[in-house]
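All you need for our numbering is the position in the sequence shown, starting with 1, plus 5.
C-beta atoms are modelled at their ideal positions from N, C-alpha and C, and glycine is treated no differently.
Quantities reported herein were computed from a predicted structural model and do not represent experimental measurements.
Data block below; observations after.
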Amino acid sequence: MSKGIVIDPITRIEGHLSISIDVASHQIVQAHSKGEMFRGFEVILKGRNPLDAQQITQRICGVCPVSHGMASILAQDQAYGIHLPENGRLLRNLILGANYIQSHIIHFYHLAALDFVDIAAIAQYQGQDPALQDLKSWLRAQGKTQALYPAAPFLPRYEGAYLQDTELNLIAIRHYLEALEMRALAQKMGALFSGKMPHVASLVPGGVTEKVTAQNIGAYRSMLHKLRAFIDHHYLPDVVAVAKAFPDYFRIGRGPANFMAYGVFPESNQDDRRLFPSGVLINGQLGDFDPMLITEDPTHAFYQGADELAPTRGETKPWPKKEGAYTWLKAPRYGGQVVEVGPLARMLVAYHRDQPASVRPLIDRLLGELNLTTGDLMSTMGRHAARALECKVVADRCAEWVDALRPGEPSCSAFTIPAKAVGVGITEAPRGALGHWLEIDNGKVDRYQCVVPTTWNCSPRDRRDQPGAVEQALVGTPIADEKNPIEATRVVRSFDPCIACAVH
Ligand code: NFE
Ligand code: MG
6 MSKGIVIDPI TRIEGHLSIS IDVASHQIVQ AHSKGEMFRG FEVILKGRNP LDAQQITQRI
66 CGVCPVSHGM ASILAQDQAY GIHLPENGRL LRNLILGANY IQSHIIHFYH LAALDFVDIA
126 AIAQYQGQDP ALQDLKSWLR AQGKTQALYP AAPFLPRYEG AYLQDTELNL IAIRHYLEAL
186 EMRALAQKMG ALFSGKMPHV ASLVPGGVTE KVTAQNIGAY RSMLHKLRAF IDHHYLPDVV
246 AVAKAFPDYF RIGRGPANFM AYGVFPESNQ DDRRLFPSGV LINGQLGDFD PMLITEDPTH
306 AFYQGADELA PTRGETKPWP KKEGAYTWLK APRYGGQVVE VGPLARMLVA YHRDQPASVR
366 PLIDRLLGEL NLTTGDLMST MGRHAARALE CKVVADRCAE WVDALRPGEP SCSAFTIPAK
426 AVGVGITEAP RGALGHWLEI DNGKVDRYQC VVPTTWNCSP RDRRDQPGAV EQALVGTPIA
486 DEKNPIEATR VVRSFDPCIA CAVH
């Protein structure tokens, strides 16, 4: 006999992701992932001026809006046949880089770490260690007494085996608070070139509208300097400390073990080299990514339509009473296969391609320190580690991109909107592979389809009855106490799901 457990909502981020699990003999035997709302951005866009798309699609989300804006202008660059000036490419990378940094920091410290760190430690600590007493006074001086007397947003929580080491707990709590400031700093850094955050104003087809000046270069450099120090001296060591304390989580939450990356951060305007390359890892084999193999299957989603459709033919026709449906997410598939997307997919593809050169040594060093293999990365803790390493690689590369900007030179190109055109914007959001498919007729949007990272990861079963990536990752997870299924939340949150994006 199995017992059904519903965790709803499961994320600490916008949106309504509900997870239903069946547990037998203290193990998850089956899981269903459910997106519980309809949004309708693809419907809203039909008939509008295509230039509205990069503004409207940013409203899909408050965490990764830059990526939606980026996918939209990439689709339009292609539809209008535009070539970017060098400053335009670099500025886009710097704005997106700032967004990645804030997203990864907020995910680890504010959305996930509380599943591992014991926030109650600070209230309980009565020792004599001057450094820890100093932390208590520091928290008081900052007016952060919430951390001393745990309340919302730290409670309620599931009880479980949290970090035992008091000093580590207290350090992590201090870094949680510092990370709030770092996250704000990353947003300010992005706003230097984007006008504002989170929904940016300067991204346009043809480039970026902000001018490059010595002043905004200098300001970006100095903010980035502080962020890189935080990533190197706090974020990476904290992830390693948590990983050492929870080694089981390199064996829990494996998922389909097939990965896909579209590639992101263009390194040239002449060819399609990108900082993180595209590729797929299917059954352990590295292959080239082919966008023609993408389909979406509505079998178990609340939408009309019986076919698995390519996004160029995709439809969004809600059917809330559909029999057999259990979620508002369609099921994206790659050549019929379930794939995982996100930082782990990007880092594994980069590792196998040995590009960029910084990735393989970073991963090898981490694996050496933890005595693990690349296979162990396909896990709950592997996702956290990959995200942290990626954050470092992006921040380090931003320091080179900002130095390459040319003050006084143009940052965008002119364009006209044709009466009829198609374009696809293929990029990567912090949470994974993101595509926007655009069709223009009579100068207006005729079809707009978004296939989004969390839709890939949290997808439902398809017509072949293959469960989605998160649904697969949950199966086999041990649940020590059915009243406190903290292990399941750790697995799901390692994907950094955002259901507002996933449904769109
Ligand atoms: Ni709302 Fe998003 C990212 C996108 S996830 S956070 O990253 O696209 O589906
Ligand atoms: Mg869609």
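In the three-state reduction of the DSSP assignment, Y163 falls in the coil class, being assigned neither a helical nor a strand state.
Between I18 and C463 the beta-carbon gap is near 12 Å, outside 8 Å, which marks them as no contact. Around the C-beta of W143, fewer than 16 other C-beta atoms lie within 10 Å, and the residue is accordingly described as exposed.
For V407, the enclosing alpha helix (DSSP H) begins and ends at T385 to A409. Within 10 angstroms of the beta-carbon of Q169 lie fewer than 16 other beta-carbons, which makes it exposed. The three-state reading of DSSP puts R179 in helix, counting H, G and I together.
Relative to the ligand MG, the beta carbon of G319 is positioned inside 8 Å of a heavy atom.
Under the DSSP assignment, L439 falls in the beta strand (DSSP E) whose first and last residues are G437 to D446.
Contact between the segment 316 to 325 and the segment 466 to 473 is absent, with fewer than three C-beta pairs closer than 8 Å. Ranked by Cα distance from D401, the first of Q138, G102, V11 and P90 is G102. Between A390 and F281, the gap from beta carbon to beta carbon reaches 9 Å or more.
Counting along the chain, no beta strand (DSSP E) covers K249; the unbroken alpha helix (DSSP H) around it starts and ends at L241 to A250. The residue among L197, P366, P435 and G448 with its C-alpha nearest the C-alpha of L96 is L197. Taking a C-beta distance under 9 Å as the contact criterion, V28 and I257 do not qualify as a contact pair. Judged by beta-carbon spacing, H109 lies within the 9 Å limit of R392, meaning their Cβ atoms are closer than that value. The segment 374 to 384 and the segment 293 to 300 do not touch, with fewer than 3 CB-CB distances between them shorter than 8 Å. At the C-beta level, T214 and C417 come within 9 Å of one another.
Of the residues A266, V244, E272 and P271, the one whose Cα lies closest to the Cα of D293 is A266. Short note on C455: C-beta closer than 8 Å to some heavy atom of the ligand MG.
Contact between the segment 401 to 410 and the segment 213 to 230 is established, with three or more Cβ pairs separated by less than 8 Å.
In the DSSP annotation of this structure, L286 is not part of any alpha helix (DSSP H); the continuous beta strand (DSSP E) holding it starts and ends at G284 to I287.
Contact check for S25 and G9: beta-carbon distance about 6 Å, within the 8 Å limit, so the pair qualifies. For Q342, the CB contacts under 7 Å within the same chain, skipping 5 residues up- and downstream, are N263 and I287 in chain order. Counting only runs of at least 3 residues, the segment 252 to 337 fully encloses the following beta strand (DSSP E) elements, listed from N- to C-terminal order: 264 to 266, 269 to 271, 279 to 281, 284 to 287, 290 to 292 and 299 to 302. Secondary-structure assignment with DSSP links R495 through no beta bridge to anything. Set against 8 Å, the gap from the CB of H509 to the closest heavy atom of the ligand MG is smaller. DSSP places V427 inside the beta strand (DSSP E), whose first and last residues are A426 to A434.
Here DSSP, grouped into helix, strand and coil, assigns Q360 to coil. Contact annotation: H204 and A434 have beta-carbon atoms that are not nearer than 9 Å.
When the alpha-carbon of L232 is set against those of R145, A478, H441 and I106, the nearest one is in I106.
The segment 474 to 493 and the segment 160 to 176 touch, with no fewer than 3 CB-CB distances between them shorter than 8 Å.
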